[in-house]
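From first to last, the protein sequence lines stand for chains A and B.
For the first sequence, the working numbering assigns the number 454 to the last residue and increments by one with no breaks.
For the second sequence, the working numbering assigns the number 454 to the last residue and increments by one with no breaks.
Protein chains: 2
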Amino acid sequence: MNKHARQLKIREILQQNSVGNQHDLLQLLRDSGMNVAQATLSRDCAELGIMRSKTDGNYRLRFPDDNASSIIQGLVGIEVLAVHSNETAVIIKTLPGRAHGVGSYLDQLRSPLILGTIAGDDTVLLIPTSVENIPALISYIHKNLSKN
Amino acid sequence: MNKHARQLKIREILQQNSVGNQHDLLQLLRDSGMNVAQATLSRDCAELGIMRSKTDGNYRLRFPDDNASSIIQGLVGIEVLAVHSNETAVIIKTLPGRAHGVGSYLDQLRSPLILGTIAGDDTVLLIPTSVENIPALISYIHKNLSKN
DNA sequence: TTGCCCTATGAATAAATATTCAATTCAGTG
DNA sequence: CACTGAATTGAATATTTATTCATAGGGCAA
Numbered sequence: 307m308n309k310h311a312r313q314l315k316i317r318e319i320l321q322q323n324s325v326g327n328q329h330d331l332l333q334l335l336r337d338s339g340m341n342v343a344q345a346t347l348s349r350d351c352a353e354l355g356i357m358r359s360k361t362d363g364n365y366r367l368r369f370p371d372d373n374a375s376s377i378i379q380g381l382v383g384i385e386v387l388a389v390h391s392n393e394t395a396v397i398i399k400t401l402p403g404r405a406h407g408v409g410s411y412l413d414q415l416r417s418p419l420i421l422g423t424i425a426g427d428d429t430v431l432l433i434p435t436s437v438e439n440i441p442a443l444i445s446y447i448h449k450n451l452s453k454n
Numbered sequence: 307m308n309k310h311a312r313q314l315k316i317r318e319i320l321q322q323n324s325v326g327n328q329h330d331l332l333q334l335l336r337d338s339g340m341n342v343a344q345a346t347l348s349r350d351c352a353e354l355g356i357m358r359s360k361t362d363g364n365y366r367l368r369f370p371d372d373n374a375s376s377i378i379q380g381l382v383g384i385e386v387l388a389v390h391s392n393e394t395a396v397i398i399k400t401l402p403g404r405a406h407g408v409g410s411y412l413d414q415l416r417s418p419l420i421l422g423t424i425a426g427d428d429t430v431l432l433i434p435t436s437v438e439n440i441p442a443l444i445s446y447i448h449k450n451l452s453k454n
């Protein structure tokens, strides 16, 4: 399973080449040793927000340079757009300007899972008391920030 | 021959509605009294530079953002003073008051290397999607924030 | 371990979009 | 008035992209 690496490679390829369609991109991916089906590439492109548009008579695959698009991922609270994590921390994406409120709310719950929170404008960083608690923390967040 | 009027109408429709594909756009065009073939609409879309991309799980036709990211890149470059990291995160030092702009710029690139960013006044904290990506993330930052 | 669920994937297929080709219109010209 | 060429269009078709459906593997709880 190297989906992540593959999407990185896609990014790299599109930054260095002018690619007109997914078929060509697929070739370049294969040239670089990553052999996947067209269906998979289509899904990758969708996930990465890649678009195809015509300029100067030629088509080109490109990333959006558009700032406003937010990725709403789960059934989480109205202000919360997504919850992500890596090995050491959890990130909550919120509506613009709402991160502080969400962070405060979580602080006030005084969960033993949470060591601390830092809020920016639309992002809350959660540091867990232990990295082992991250899965539990994520379900805790979903539970406490869910819409219903 | 009302190609021009039609393209204007297309613009108007896309500004007021969320349209997921050309077929739906065609319907809306017809509802407003302009009856053309799918082929014609396809050509109009190409000429107008309209793109289709997936956000929040749905497709959407949209105009390109005239917000040229290469210009922003130049501006962002001169705001960045240094890039540092430890085992779990990356810190970018910026000119006073400029961290938010730099963070937003990085967010908008939607790199799969970046889990999230939090900006203070002159510091951006970057959380990588995986700690293994930190070296790649650092070179990615240098690449995307370089002055030249 | 076993069973269950969730994610990622490919093959086949469906859906969406682009292009080809022939036809039409219209402006300009002899 | 014919004729020519360029622009626009629709129908049919080709190409490109997305989704469905089945499967395989990984993580996790019992």
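Ideal Cβ positions, reconstructed from N, Cα and C, are used throughout, including at glycine.
Keep in mind it's a predicted model, so treat the numbers as computed, not measured.
{"Asked": "With a Cβ-Cβ cutoff of 7 Å, do Ile250 (chain A) and Leu421 (chain A) count as a contact?", "Found": "The first residue shown for chain A is 307 and the last is 454, placing residue 250 (chain A) beyond what the model contains."}
{"Asked": "Exposed or buried, which one is Ser410 (chain B) when buried takes at least 16 other CB atoms within 10 Å?", "Found": "buried"}
{"Asked": "Answer with buried or exposed for Asn341 (chain B), where buried requires no fewer than 16 other C-beta atoms within 10 angstroms of its C-beta.", "Found": "exposed"}
{"Asked": "Rounded to whole angstroms, what's the CA-CA distance from Arg349 (chain A) to Gln313 (chain A)? Just pull it up for me.", "Found": "10 Å"}
{"Asked": "Under 7 Å between C-beta atoms, does Gln322 (chain A) make it to chain B?", "Found": "no"}
{"Asked": "What did DSSP end up calling Leu312 (chain A) once you bin it into helix, strand or coil?", "Found": "Leu is not the amino acid found at residue 312 (chain A); the sequence shown has Arg there. Helix."}
{"Asked": "Can you confirm whether Glu393 (chain A), when its beta carbon is compared against all beta carbons of chain B, has any partner nearer than 7 Å?", "Found": "yes"}
{"Asked": "Label Gly363 (chain A) either buried or exposed according to how many other C-beta atoms from any shown protein chain fall within 10 Å of its C-beta, with 16 as the threshold for buried.", "Found": "exposed"}
{"Asked": "Taking only the alpha-carbon atoms, compute the straight-line gap between Leu367 (chain A) and Thr435 (chain B) and give it to the nearest angstrom.", "Found": "24 Å"}
{"Asked": "Going by CA-CA distance only, name the one from B:Leu431, B:His406, B:Glu353 and B:Tyr365 that's closest to His329 (chain B).", "Found": "B:Tyr365"}
{"Asked": "Less than 8 Å between C-beta atoms, sequence neighbours within five positions excluded: which residues of the same chain meet that for Glu353 (chain B)?", "Found": "Gln313"}
{"Asked": "Got a sec? Which residues, its chain only, sit under 6 Å from Asn308 (chain A) by beta carbon, not counting five neighbours each side?", "Found": "none"}
{"Asked": "Can you confirm whether Met357 (chain A), when its beta carbon is compared against all beta carbons of chain B, has any partner nearer than 7 Å?", "Found": "yes"}
{"Asked": "Which bits of chain A does Ile424 (chain B) rub up against, with CB to CB less than 7 Å?", "Found": "Ile424, Gly426, Thr429 and Leu431"}
{"Asked": "Once DSSP output is grouped into helix, strand and coil, what is the label at Leu432 (chain A)?", "Found": "strand"}
{"Asked": "Where DSSP assigns a beta bridge to Glu368 (chain A), which residues make up the other side?", "Found": "Note that residue 368 (chain A) is Arg in the sequence shown here, rather than Glu. Arg368 (chain A) pairs with A:Met357."}
{"Asked": "Can you give me the C-alpha to C-alpha distance between Val325 (chain A) and Arg336 (chain A), rounded to a whole angstrom?", "Found": "14 Å"}
{"Asked": "What's the gap between the Cα of His390 (chain A) and the Cα of Gly339 (chain B)?", "Found": "46 Å"}
{"Asked": "Can you tell me whether Ser391 (chain B) is helix, strand or coil according to DSSP?", "Found": "strand"}
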